[in-house]
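Down below is the structure, laid out as structure tokens.
Listed below in structure tokens is the structure:
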């Protein structure tokens with residue numbers, strides 16, 4: 396999944412420069428995230444595009460009588476996980492083939508018919524400005540989140556409060572499960588008991604699959620069937636001294652999980668790892684003192 400922060404295709408379509416442009420295919424991809432823009436000056440551009448890019452081009456680069464080549468371009472863009480394609484159809488073609496539109500629909504890759512009078516450079520600048528503004532806002536929110544986590548850590552509010560901070564920011568159910576202590580922290584908000592039990596069973600199933608996913612030291616993402624529908628699931632390990640001590644689970648049952656949500660969970664996992672380290676250090680000292688005490692107690696030395 397793309398974790399880049401940006402604007403959705405739907406938000407992009409509301410820009411003034413795209414006012415006369417039309418979404419002609421790939422409607423299911425309307426929420427794809429646009430994180431950058433590129434212009435197709437030659438066919439080799441596909442060797443350099445990146446996930447999340449919105450590709451601007453003209454039908455001049457489409458082989459007019461080669462529908463298969465046009466369909467292949469759509470497939471390659473989808474394979475590269477582009478956010479969508481903006482095409483100036485006129486005056487180079489009267490319209491795109493229905494076969495091409497069908498492929499875009501099948502792959503949920505938005506195709507936008509750019510009005511012939513709008514310079515591609517103007518569109519590019521407007522999209523970049525909007526993406527920059529969105530990312531600036533997200534950075535400000537992340538900074539505030541860091542402050543909340545640090546305050547919770549320094550004031551000793553406890554891990555339960557950190558889980559509440561995660562929930563209040565991502566607006567989705569959150570579970571923290573510790574492998575080493577079998578402790579479970581949860582924050583679900585206003586959900587029914589049936590959904591709560593289903594989420595807890597999902598966590599249990601994750602650890603009982605028999606594979607090594609629970610040992611991964613990086614973000615794990617997939618889709619699971621929860622509450623009668625498929626939702627995105629994010630699993631972030633709590634890693635300390637190259638060991639996995641537990642996982643943060645989050646599900647998109649209420650709202651989509653995006654780049655900002657990942658930043659929240661990543662920051663929280665680091666804070667929780669520090670709290671675990673502190674707890675383990677205290678216990679280590681306690682064990683050492685107890686050991687010294689009993690050794691002194693049973694010592695035969697006068």
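Numbering (the working numbering), first residue to last: 396 to 697. All C-beta atoms in this analysis are idealised placements derived from N, C-alpha and C, irrespective of residue type, glycine included. A quick note: this is a predicted structure, and the numbers were derived from the prediction, not measured.
The beta strand (DSSP E) spanning residue 631 covers which residue range? 624-635
Measure the alpha-carbon distance for residue 633 versus residue 548 and round it to whole angstroms. 16 Å
Could you have a look at residue 420 and say whether DSSP puts it in helix, strand or coil? strand
Cβ pair count under 8 Å reaching 3, the stretch 550-569 against the stretch 445-465: no
Ignoring anything shorter than 4 residues, give me the alpha helix (DSSP H) runs that lie fully in the stretch 551-577, in order along the chain. 554-565
If you count every other CB in all the chains shown that lies within 10 Å of the CB of residue 427, and 16 or more means buried, which is it? buried
Can you give me the start and stop residues for the alpha helix (DSSP H) that residue 466 sits inside? Residues 462-474.
Inspect the CB distances between the stretch 509-519 and the stretch 536-544 and report whether three or more fall short of 8 Å. no
Cα-Cα separation, residue 665 to residue 674: 14 Å
Could you have a look at residue 525 and say whether DSSP puts it in helix, strand or coil? helix
Where the beta strand (DSSP E) containing residue 594 begins and where it ends: Premise fails: residue 594 lies in the alpha helix (DSSP H), 588-602, not in any beta strand (DSSP E).
Which of the three DSSP states, helix, strand or coil, is assigned to residue 642? strand
Beta-carbon separation of residue 537 and residue 663 under 9 Å? no
Could you give the distance in angstroms between the alpha-carbon of residue 475 and the alpha-carbon of residue 469? So the alpha carbons of these two residues sit roughly 10 Å apart.
beta-carbon residue 618 near the ligand MN non-hydrogen atom, thresh 8 Å: The ligand MN is not part of this structure, which contains no ligands at all.
Classify residue 493: buried if its beta carbon has 16 or more other beta carbons within 10 angstroms, exposed otherwise. With fewer than 16 Cβ atoms within 10 Å of its Cβ, residue 493 is classed as exposed.
Can you tell me where the alpha helix (DSSP H) with residue 406 in it begins and where it stops? For residue 406, the enclosing alpha helix (DSSP H) starts and ends at 404-408.
Among residues of its own chain, excluding the 5 on either side of residue 403, which ones have a beta-carbon nearer than 8 Å to its beta-carbon? 425, 426, 427, 428 and 429
CB residue 479 to CB residue 505, shorter than 9 Å? yes
What's the C-alpha gap between residue 767 and residue 454? Beyond the ends of the chain as shown, which are 396 and 697, falls residue 767; an answer cannot be given.
Just to confirm before moving on: does the CB-CB distance between residue 485 and residue 511 stay below 9 Å? yes
Quick one: measure Cβ to Cβ for residue 508 and residue 482, integer angstroms, because I've assumed they're closer than 8 Å. 6 Å
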